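Going by full-length UniProt numbering, the residue at position 167 of the sequence shown is 167; the numbering climbs one at a time, nothing skipped.
Right, one structure below, let's go through it.
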Amino acid sequence: MGIKFKKTTLIALLTFMTLLFIIVEWILSIVGIFMSEWTSFSFMEQNFHYGLFDCEKCPAEYAHTNYSCLGSLTCNDTEKDSLCDKAQLLNKAKIVLLVFEGFGTAFSLLLFERLFYMSLRKSYGNIIVFYAFSIIPAIAKLIGIGTYIILSSTNLSSNCNSDHEICNEKGPWFLIESSLISWLCAMLTVIILKSRDKSNEKKIKETLRFGNYDSWFLIKATPMVLLAICFTVMGHWWDWISYHSPNRIYGSLMSMNKYEEYSQLDYMCISGPNCAITPQYTNSIRDCNAFHKLGSASYYYLGINFVSYAFLLIWIEHLICLALKINFGIFCLNYFWPIFTTIANLCGNISWFIVSGASFSSTCRIKAGDNDISFCAEQGATLSLAGFLCFALSSILYIVILARKANGTLTEVRPEKIKNRKILDEWQINKAFEEQENSNLFRKMSTLSITRPNTQDTVLNGDFSKSTVTFRCSNSILDRNLA
């Protein structure tokens, strides 16, 4: 008994430590990604110190540009070919890094969820999926940071010469540490799963009872969710803003379709140099203010919607488990994931409109007198709002169907508590009684005939031998011995 107690305590301690390590992993990833010191290099006696999204220590003409912007500004100039090559190389490496880092973070969130349910002695789903979710984040993060270092051809050593090569700064080291911690979490999770008390799983196993619940639940709720995702994703590829100067000019969520002689120029790429250089023209002041707002609005929108996507991922996971009748986690939380998803998506849309100042006004023009631009919201913003409406409708539909089909019933099965007890499925008996009561035959019969329920569904570690079910209706007592 003492050995078993110590083993249980050790597993609980390891689970708690793994949860903490996952949180540390997330913190390191977030700090590393948004750190301003990622790479440094020199060109024609000019020093460049870049983060993944911004350059705080760059020459004024390249102030607050990113790798993509640097490439757009230099690739048309043959004298700056080497600078262009570095920018394109770093931009490709950055995209690969962010894709794999996001992929790994998503699965580490699912791993955290399962470990959390395990610590609460709740059902954590399929054990094979549990193992997979422990390994996938570590592999994805390792591929991401490894591919970044290889593609960017950066030098990790402290003796790096920025005049001739690209030097790594602090940022990559944070993600390397995050990757190592993810591997530590994977190993701890495997140890926890291998050492878990399998006999205890039977004690905490739960069954969900949905009455006539069927796959109609998934069929009814899923299309609206998929439609919301489609609208949100499609919105990223359509025009979001437009204005007259003097012709109508369009821009996407992140960049202008055409600005002066450049195309697909990032908003921060337009505002950065205009804000850094002492403006001699009104257009510089105007572009500094207006496009900085658009750049900030797009970052707010994407950041808040990233939280929405995290809730959406958990919601879809629980929806699939419910559709397959797989008991998973805490049942009542199924009602909250769609609400959290919808609220976060709404906050993302509201933040974009407030920060950018865009509207659906019929008159879009350059404002006179305040050196600012009045932006019109276009199809992309409309699709994003349509996505929010679909999320809201799908959330309502999901909650209503779940409440009607599940009736919030979650029966916990503990064999040690129901040993040698005779248990009937009250729901099935009551339903049979109601059906008989509504029929004319019921009034004429002196006894009530009830088919013996399915033992697998209605009996939990008990038997029905010599059991008696008694119903009282009108003035008669109906007895039925179940053999």
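Note that the Cβ used here is the ideal one computed from N, Cα and C, for glycine as well.
Small disclaimer: the values here were computed from a predicted structure and weren't measured.
Query                                                                                                                        : Result
For residue 6 and residue 321, the rounded distance between their alpha carbons                                              : 33 Å
Cα-Cα separation, residue 247 to residue 159                                                                                 : 52 Å
Backbone CA spacing between residue 104 and residue 138 [nearest angstrom]                                                   : 7 Å
Neighbourhood of residue 557 by C-beta distance below 8 Å, restricted to the same chain and skipping five residues each side : Any property of residue 557 remains undetermined from this structure, which presents the chain solely from 1 to 483.
Which residues DSSP lists as bridging residue 95, in chain order                                                             : Partner(s): none; residue 95 has no beta bridge.
Contact between the segment 113 to 123 and the segment 329 to 340 (3+ Cβ pairs under 8 Å)                                    : yes
Residue 255 - DSSP class collapsed to helix/strand/coil                                                                      : strand
Close beta carbons around residue 147, own chain, < 6 Å, minus the five adjacent residues each side                          : 96
Extent of the continuous alpha helix (DSSP H) run through residue 139                                                        : 127 to 152
Cβ contact check for the segment 33 to 43 and the segment 165 to 185: 3 or more pairs under 8 Å                              : yes
Candidates 224, 301, 223: closest to residue 252 by CA position                                                              : 301
Same chain only: Cβ atoms within 7 Å of residue 112, ignoring 5 sequence neighbours per side                                 : 19, 22
Local Cβ density within 10 Å of residue 121, reported as buried at 16 or more and exposed below that                         : exposed
9 Å Cβ cutoff met for residue 87 and residue 149                                                                             : no
Simplified DSSP assignment, three categories, for residue 361                                                                : coil
Ordered list of alpha helix (DSSP H) runs contained in the segment 155 to 195, each at least 4 residues                      : 170 to 195
When 271, 44, 179 are compared against residue 294, the one with the closest alpha-carbon                                    : 271
Nearest residue (CA-CA) to residue 99, options 142, 76, 63, 134                                                              : 142
Option in 230, 133, 81 with minimal Cα separation from residue 190                                                           : 133
Whole-angstrom distance between residue 173 and residue 48, CA atom to CA atom                                               : 19 Å
Check whether residue 391 and residue 228 have beta carbons under 9 Å apart                                                  : yes
As assigned by DSSP and simplified to three states, the class of residue 114                                                 : helix
Among 179, 34, 255, 326, the one whose alpha carbon lies nearest that of residue 380                                         : 255
Boundaries of the alpha helix (DSSP H) in which residue 374 is found, first to last residue                                  : Here residue 374 belongs to no alpha helix (DSSP H), and DSSP marks it neither H nor E.
Cutoff 9 Å: residue 126 Cβ touching any chain C Cβ                                                                           : In the structure shown, chain C cannot be found, because there is only a single protein chain.
First and last residue of the uninterrupted beta strand (DSSP E) at residue 241                                              : 241 to 244
Alpha-carbon to alpha-carbon, residue 11 and residue 237                                                                     : 48 Å
Identified DSSP bridge partners for residue 249                                                                              : 243
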